[in-house]
Amino acid sequence: MSAEHKLPHEVAVHENLSNEQMRTNLTTAMHILQKNRLKVIDDRFEDWQGLRARARQAKNNALMSLDERLLEFEKNATKNGMHVHWASSDTDACEIIYQIMMEKKANKILKGKSMASEEIGLNHYLEKKGLKAVESDLGELVLQLDEDTPVHIVVPAIHRNRYQIGQTFKDKLGASLESEPEKLNAIAREHLRNQFEDLKIGLSGVNFAMSEQGAIWLIENEGNGRMCTTASDIHIALCGIEKVMQSFEDAATMVHLLTPSATGQFIPTYNNIITGPRKNGDLDGPREVHIVLFDHNRTRMLANKNYYEALRCIRCGACMNFCPVYDKIGGHTYQTTYPGPIGEVISPNLFGIDKTGDILSFCSLCGRCSEVCPVKIPLANLIRTLRSDKAGQGEQKLLGDENMHHNKAEAFAMRNFQMAATNGGLWRFSLGNAHYFNWAVQGLKSALPVIKKWSEFKDLPSIKVDLYKEVQKLEGVSYE
Amino acid sequence: MLNKVYFYATCLGTAAMQEMVLNAIKLLRKEGVEVIFKKNQTCCGQPSFNSGYFNESKEVALYNTRLFEKDYPIIVPSGSCAGMMSHDYIELFKEDKRLDEIKHFSSKVIELSQYLDQVLNVNYEDKGEPIKVTWHSNCHALRVQKSITSSKNLIKRLKNVELIELEYEQECCGFGGTFSVKEPEISNAMARAKVNDIQNTGAKYIISGDGGCLLNIKGTMSRMGLDIKGFHLYDFLLKRLEGAKL
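First to last, the protein sequences are chains S and Z.
Under my numbering, the first residue of the first sequence is numbered 1, with each subsequent residue one higher.
Under my numbering, the first residue of the second sequence is numbered 481, with each subsequent residue one higher.
Below you can see the structure in the form of structure tokens.
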């Protein structure tokens, strides 16, 4: 979502929370995804925790030697006949794709699902140049027809039910009004067949890139991704630099974690391992394969001792599937490409804490995201650390920090809290005639209208007892 | 041999749940445990820690390590505060030269239900009427302090109490300390979802081992005008042992 269209934080929260249909769709879907994940781990895995530990290590090894990995990937991919492009920013990456389209005289590309393309704003960039990017992933197609944005990184249109999708197909594709999944699929299939027919350039993301093999691994469930990467003359793969790993075995470990975490499937429906363009004698496959390796602040993130861990993310979405905040407000409320717990960590790092730091309050620190993350990113801890950066107490300055306005009232309140909490006499004095959240009222009143906000939705208890006096009356208790 | 322990009342216990603190101490006294109540105790520091004010939180943590200096177990009637002091302090000081001092303090902290269940292995005689209850797990107790099994074990020792497990038990109730006042509307949506699950069990009593969650859930149920009572675990246990009316 572009910055110029950003809604005020509270407005975004209120509007999305009030969308009953979206909340029902999301809650139902998230509970199904949660159950699927637990079931597949129980039924099919002997050592899930061991696999997580191994994946964490493999990804860390790749990150710790990323410069080496990237050069190795470039060397081997080039040897395999792929063209490797380097982009430092989001705009650079868009520009490279635009230039390839110009060179090939293509006014349209067909896209497989790629959150990276959302991150760099590719569709919007091409549109401004008068070019078209057409989505082929079913969820993305629904959203493109509806001029909506993804609500989730794995299941982008999960906030829409089949009746709403049927209506979209009727309104935008002129199809008959349907709601049965099979019939909806048939409508989409027929529409996409026409798109694939004159396909010149197909674009995909990359799940894992293997430096030793100079190859990329793409997983998907619909088969449209394979169409985009094989039916076209030219295939462009958009790849964040953190996706590069050392070996095929390392990538295989990741794939084993990814689909169970994302949807509860044991394996993905389609595994596409691409080692290069069509060779002599091959019956199909693109004649050219381009890989765009883009940074977009990942190097900066890698250099930060706290947040490099989030570069292990394999975009499975498990953290959002299990987040009790995400399923209430949905992905749009975050107003950034990546919602949910992982979004709270990477969005400020990729787009700037000044632009996306407000989403750090979308977390009760329940810790469920850290618990389910297949690559063991300590998401809740990192969200807390980002709050510290936002408060101006971080050691390494985050992107956009120079534009931050620190909350002086909150800082003042926290100093007051510290003062009271390190002074027993003062603490006892303020709580002796206790009233619920008394310290908070005393300490935080300048930062937060605590009581008002609490009592807007919830009743307050009434307090009658002087604890200090009563404790002293107990036999066998020394009050010292 | 008589056990001697420190009792950590927690800030919510001191400010809003004084009865619970007194009942928790009585549960320890019932087992013959000698209790030290430090009058200068304050708060574990979660409000500032979770808001990202690490400098202030460190000062509070150091204050606690020095106040509870002797090698007695520090008994905390809250998984949330116990988790903060036994695990999060170590995270907070992971790159600090005072880490060893903090680690020593953290190793002494234990949640009350863990102490009653695992250390004292209490034997409870339930004097109350047969009832059905459900249980809310506090997130920090569940994932950090890992005291939920012990808490439930204590309820299971009561012969007239049937424990009905809550659906989506591992989902947060929306308290989250300052979260509930920074994002009140989202917090309310989460609390309502939790209350809905509680209603679905058919139980008329919801028990929890955490004051914050309980205030959140009870406050929401009261606003909704429901006929379901919320009890802190330690209030509930003592009432059952004394045969008092719930």
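By construction, the Cβ of each residue, glycine as well, lies at the ideal position given by its N, Cα and C atoms.
Check whether residue i and residue j have beta carbons under 7 angstroms apart
i, j, result
"Z:TRP615", "Z:ILE570", "no"
"S:ALA237", "S:SER261", "no"
"Z:THR700", "S:LYS108", "no"
"S:VAL477", "Z:GLN498", "no"
"S:LYS279", "S:ASP233", "no"
"S:HIS235", "S:PRO286", "yes"
"S:GLY223", "S:LEU26", "no"
"S:ILE342", "S:CYS316", "no"
"Z:PHE507", "Z:LEU718", "Note that residue 507 of chain Z is Leu in the sequence shown here, rather than Phe. Yes, Cβ-Cβ distance for Z:LEU507 and Z:LEU718 is below 7 angstroms."
"S:GLU220", "S:TYR163", "no"
"Z:LYS612", "Z:ALA496", "no"
"Z:PRO664", "S:LYS328", "no"
"S:CYS228", "S:ILE291", "no"
"S:THR333", "S:ALA29", "no"
"S:GLU242", "S:LEU293", "no"
"Z:PRO557", "Z:LEU592", "yes"
"S:PHE169", "S:ILE187", "yes"
"S:TYR479", "Z:PHE517", "yes"
Three-state secondary structure (DSSP) of residue i
i, result
"Z:HIS567", "helix"
"Z:GLN686", "Before going further, note that residue 686 of chain Z is Ile rather than Gln in the sequence given. Strand at Z:ILE686."
"S:GLU395", "coil"
"S:ALA237", "strand"
"S:ILE158", "coil"
"Z:LYS636", "helix"
"S:ASP327", "helix"
"S:GLU222", "coil"
"Z:MET497", "coil"
"S:GLY264", "coil"
"Z:PHE585", "helix"
"S:GLN242", "Looking at the sequence provided, one finds Glu at residue 242 of chain S rather than Gln. Here S:GLU242 sits in helix by DSSP."
"S:ALA133", "strand"
"Z:ALA673", "helix"
"S:SER478", "strand"
"Z:HIS712", "strand"
"S:TYR383", "The question names Tyr, yet the displayed sequence has Ile at residue 383 of chain S. DSSP places S:ILE383 in helix when its eight states are reduced to three."
"S:VAL375", "coil"
"Z:LYS577", "coil"
"S:LEU448", "Here the model assigns S:LEU448 a pLDDT of 46, short of 50, so the residue's position is not dependable and the matter cannot be decided."
"S:ALA77", "helix"
"S:LYS111", "strand"
"Z:LYS626", "coil"
"S:TYR270", "strand"
"S:TYR436", "Its pLDDT being 49, under 50, S:TYR436 is placed unreliably by the model, and nothing is read from it."
"Z:TYR486", "strand"
"Z:VAL556", "strand"
"S:PHE294", "strand"
"Z:THR614", "strand"
"Z:CYS548", "One point to set straight first is that residue 548 of chain Z is Phe, not Cys, in the sequence displayed. Three-state DSSP puts Z:PHE548 in coil, outside helix and strand."
"S:ILE120", "coil"
"S:HIS14", "helix"
"S:HIS405", "coil"
"S:VAL345", "helix"
"Z:ILE697", "helix"
"Z:PHE517", "strand"
Cβ of residue i within 7 angstroms of any chain Z Cβ
i, result
"S:GLN418", "yes"
"S:GLN393", "yes"
"S:GLY476", "yes"
"S:MET22", "no"
"S:ALA421", "yes"
"S:SER446", "At S:SER446, the pLDDT of 47 sits below 50, so the modelled position is not reliable and the matter cannot be decided from this model."
Residue-level contact to chain S via CB, residue i, 7 angstroms cutoff
i, result
"Z:ARG578", "no"
"Z:PHE573", "no"
"Z:PHE585", "no"
"Z:PRO449", "Residue 449 of chain Z lies beyond the stretch modelled for chain Z, which goes from 481 to 726, so this question has no answer here."
The ligand FAD heavy atom lying under 6 angstroms from the CB of residue i
i, result
"Z:PRO557", "Annotation note on the ligand FAD: not contained in the displayed structure, which lists no ligands."
Legend entry - In chain order, each beta strand (DSSP E) run of at least 3 residues that lies wholly inside the stretch 144–218 of chain S: 201–204, 208–210
Inset, instruction - Specify whether the stretch 539–548 of chain Z and the stretch 594–614 of chain Z touch according to this definition: at least 3 beta carbon pairs, one from each stretch, less than 8 angstroms apart. - result: no
Inset, instruction - Determine contact between the stretch 189–198 of chain S and the stretch 245–257 of chain S, defined as no fewer than three beta-carbon pairs at a distance below 8 angstroms. - result: no
Inset, instruction - Would you be able to state if there are at least three C-beta pairs under 8 angstroms between the stretch 627–641 of chain Z and the stretch 712–726 of chain Z? - result: yes
Legend entry - Three or more C-beta pairs below 8 angstroms linking the stretch 373–385 of chain S and the stretch 668–685 of chain Z: no
Legend entry - Inter-stretch contact at 8 angstroms, needing at least 3 Cβ pairs: the stretch 395–408 of chain S / the stretch 348–355 of chain S: yes
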